[in-house]
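Asks: Below you will find the structure I want to go over with you.
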Amino acid sequence: MLGGPFDQTTPPELPPFLKNVCDLKPIQGAPSDEEIIGIHAVVRVANKAADIQGVGDPTLLPQLLGHLFDVQMAKYQSKYSGAMFPENSTYTPPPLPVHITVQLGPVAGAPSEEEIGKVHEAIRSYQQFAHAPSLFDPRVDMELHQHLFDIQMARHRQRARNQVRVPTNLSSTAAQETNVAEENMNNAGTGDNATQPHGRTRPVNDASVHEAIERSNRLAEQTNQLAERANILIEQSNRISERANQLLERANTPVEQPNTLAERFNGLFEQLNQHMEESNRLTKESMQPVEKLGDILRNMNRVLVRVQHAIVRFPMIENGSYFFICVKDDQCLYVPDGAEDGNRRTPLQGMPSGIDNPALILIQSLGDNRYRLSPARFPDRVIAAHRNNDRKILVLAGPEEREVYYTEWAIDVNDNDQYELRACDGSGNEYWTSPGEGREIDLQASQGIPSQQWEFQKVD
1 MLGGPFDQTT PPELPPFLKN VCDLKPIQGA PSDEEIIGIH AVVRVANKAA DIQGVGDPTL
61 LPQLLGHLFD VQMAKYQSKY SGAMFPENST YTPPPLPVHI TVQLGPVAGA PSEEEIGKVH
121 EAIRSYQQFA HAPSLFDPRV DMELHQHLFD IQMARHRQRA RNQVRVPTNL SSTAAQETNV
181 AEENMNNAGT GDNATQPHGR TRPVNDASVH EAIERSNRLA EQTNQLAERA NILIEQSNRI
241 SERANQLLER ANTPVEQPNT LAERFNGLFE QLNQHMEESN RLTKESMQPV EKLGDILRNM
301 NRVLVRVQHA IVRFPMIENG SYFFICVKDD QCLYVPDGAE DGNRRTPLQG MPSGIDNPAL
361 ILIQSLGDNR YRLSPARFPD RVIAAHRNND RKILVLAGPE EREVYYTEWA IDVNDNDQYE
421 LRACDGSGNE YWTSPGEGRE IDLQASQGIP SQQWEFQKVD
């Protein structure tokens with residue numbers, strides 16, 4: 001059994017790219033939190049590497065999971081070795097951050113299916129933020145996994161104890177039946193009272209009972225050992241099933257891509273026609289007086305550059321959750337509290353990238369380079385700007401208010417893989433502009449300046 005002061009758990013040999021994540025060492029006795037956190041970090045990277053063909057040893061991930069199980073078992077035994085019945089202890093989950101909506105409470109004794117399911121849900125929700133260091137704490141992730149392990153062991157040990165009681169009762173019943181049989185044999189043909197012979201044979205029956213109980217205890221210990229190995233196999237099979245499901249989903253994705261690409265190319269050619277019409281209009285205007293020729297030529301050059309960009313490439317923005325970061329001073333898009341109130345219309349702002357709660361934006365493609373942008377906190381609202389105001393500031397509005405507000409946005413990509421966002425309706429030359437930290441984001445004519453350039457950071 002693991003967890004004693006002289007027991008040692010040894011990790012598998014790691015390739016160099018995993019040693020750079022954490023160089024795992026043998027662990028003597030109960031592991032520290034930092035050692036378990038390092039194992040989880042290596043498992044996450046190895047899990048991603050398993051998706052890449054030809055990278056790494058296919059048997060390494062099961063070995064790492066087996067090592068993680070041994071370490072978690074040692075941690076469990078170090079915490080509950082002093083309790084006579086650890087399955088009757090109270091298991092307290094770690095405190096969760098505010099962006100995890102699952103509510104976990106202490107588990108008294110063996111957990112229910114619902115309690116185990118909620119811990120699984122909390123782990124899945126929290127690991128979605130593994131790519132955002134400001135939203136993901138490896139210690140919280142480790143404590144969630146250890147909490148799941150502890151309550152699963154509590155349920156397993158309760159089941160094992162229930163199974164042990166049945167052989168013990170059967171042994172006691174067999175001993176009683178033996179006493180009755182011997183008493184009947186003593187009375188047969190003699191008529192003597194069998195009380196005295198019965199008293200002489202009871203020590204033999206008591207010894208049989210003790211022997212049966214000891215045998216049951218040995219069977220229970222073997223059951224516990226087999227159950228521990230079964231847990232390892234179940235965990236490995238769950239991992240393999242998850243990987244198979246991911247591969248099946250990826251196999252189905254290429255079937256859907258041709259239709260999406262066709263829609264995007266249709267939108268591309270429509271944009272190209274619009275740019276060509278604008279180019280023809282500007283060519284006619286170039287016949288006006290010479291003093292306007294310079295401005296017209298600059299506008300023509302800007303349009304032609306966009307036409308070339310449209311021919312060569314177009315933004316491949318997938319539906320999903322993103323952080324919006326302005327190139328100027330690395331400002332994050334920020335949705336203040338109360339912005340969802342339709343009466344107040346609190347403006348959206350640019351804030352430093354280190355703030356605790358940058359706005360997570362849901363991007364939904366409507367086709368033809370038209371997108372609807374909604375804050376993850378308020379999915380029933382969309383980012384909008386009033387059509388008729390002198391200064392058009394970004395606020396939140398309902399999708400049904402498109403007659404009064406711009407509620408759909410085009411996303412253009414430049415040479416630096418950065419994006420410019422503009423209103424689909426109106427003049428077509430009204431772009432998101434962030435004047436500075438803590439100031440309202442508004443729409444201005446395209447100037448090609450950093451305050452109009454944006455980067456998207458996808459959150460899986």
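No gaps in the numbering here: position 60 of the sequence shown is 60 in UniProt numbering, and each next residue is one more. Every residue, glycine too, gets a C-beta built ideally from N, C-alpha and C.
1) For a quick check, are the C-beta atoms of LEU373 and ILE441 less than 9 Å apart?
2) Let me know if ILE52 comes out buried or exposed under the rule of 16 or more other beta-carbons within 10 Å of its beta-carbon.
3) Among THR433, ARG139, HIS147, which has the Cα closest to the Cα of residue 478?
4) Taking a contact to mean a Cβ-Cβ separation below 9 Å, would you say GLY109 touches SER89 in this structure?
5) Using 8 Å as the Cβ pair cut-off and three pairs as the minimum, do the stretch 445-458 and the stretch 421-433 touch?
6) Check whether the Cβ atoms of ASP368 and ASN273 lie closer than 9 Å to each other.
7) Restricting to Cα atoms, I'd like to know which of THR101, TYR80, VAL107 is closest to PRO93.
8) Straight-line CA distance for PRO62 to ALA132?
9) Among the residues of its own chain, which have a CB less than 8 Å from the CB of ALA50, if the five just before and after it don't count?
10) On a Cα-Cα basis, can you pick out the residue from PRO358, LYS19, VAL71 that is closest to PHE456?
11) Whole angstroms is fine: what's the gap from LYS75's alpha carbon to PRO31's?
12) Measuring alpha carbon to alpha carbon, tell me which of VAL71, GLU113, ARG157, TYR405 ends up nearest THR9.
13) Can you give me the C-alpha to C-alpha distance between ALA445 and LEU362, rounded to a whole angstrom?
14) Taking only the alpha-carbon atoms, compute the straight-line gap between LEU24 and PRO95 and give it to the nearest angstrom.
15) Excluding five sequence neighbours on each side, which residues of the same chain lie with their C-beta closer than 7 Å to the C-beta of GLN418?
16) Shortest alpha-carbon distance to ILE27 belongs to which of ALA397, ASN301, CYS424, PRO11?
17) Indicate the three-state DSSP secondary structure (helix, strand or coil) for PRO62 in the structure shown.
18) Straight-line CA distance for ASN205 to GLY66?
19) According to DSSP, which residues form a beta bridge with HIS386?
20) Measuring only the C-alpha atoms, how far is ASP137 from GLU277?
21) Between which two residues does the beta strand (DSSP E) harbouring LYS458 extend?
22) At least one CB of chain C closer than 9 Å to the CB of GLU270: is that the case?
23) Comparing C-alpha positions only, which one of PRO399, GLN349, LEU421, GLN128 sits nearest to ASP412?
24) With H, G and I counted as helix, E and B as strand and the rest as coil, what does DSSP make of ASP412?
25) Can you tell which of ALA384, ALA410, ARG391, PRO111 has the C-alpha that lies nearest to the C-alpha of VAL404?
26) For the candidate residues GLU400, PRO399, GLY398, ALA423, whose alpha-carbon lies nearest to that of ARG387?
27) In three-state DSSP terms, what is PRO352?
28) Sort VAL119, GLU437, PHE149, GLN77 by Cα distance to PHE353 and report the nearest one.
29) Who are the near neighbours of ASN20 in its chain, counting only those whose CB is closer than 6 Å to its CB and skipping five residues on each side?
30) Taking buried to mean at least 16 other C-beta atoms within 10 Å of its own C-beta, is LYS392 buried or exposed?
Replies: Checking against the coordinates, here is how it stands:
1) no
2) exposed
3) Absent from the structure is residue 478, since the part of the chain shown begins at 1 and ends at 460.
4) yes
5) yes
6) no
7) VAL107
8) 27 Å
9) GLY56, PRO58, LEU61, ARG243
10) PRO358
11) 6 Å
12) When C-alpha distances from THR9 are compared across VAL71, GLU113, ARG157, TYR405, the shortest belongs to VAL71.
13) 25 Å
14) 27 Å
15) VAL327, GLN453, TRP454, GLU455
16) PRO11
17) helix
18) With a pLDDT of 48 at ASN205, under the threshold of 50, the predicted position of this residue should be treated as unreliable, though the coordinate-derived value follows. Straight-line Cα distance between these residues: approximately 45 Å.
19) TYR405
20) 53 Å
21) 454-459
22) Absent here is chain C; the protein component of the structure consists of one chain.
23) In terms of CA proximity to ASP412, LEU421 leads the group PRO399, GLN349, LEU421, GLN128.
24) strand
25) ALA384
26) ALA423
27) strand
28) Just to set this straight, residue 353 is Ser in the shown sequence, not Phe. Ranking VAL119, GLU437, PHE149, GLN77 by Cα distance to SER353 puts GLU437 first.
29) none
30) buried
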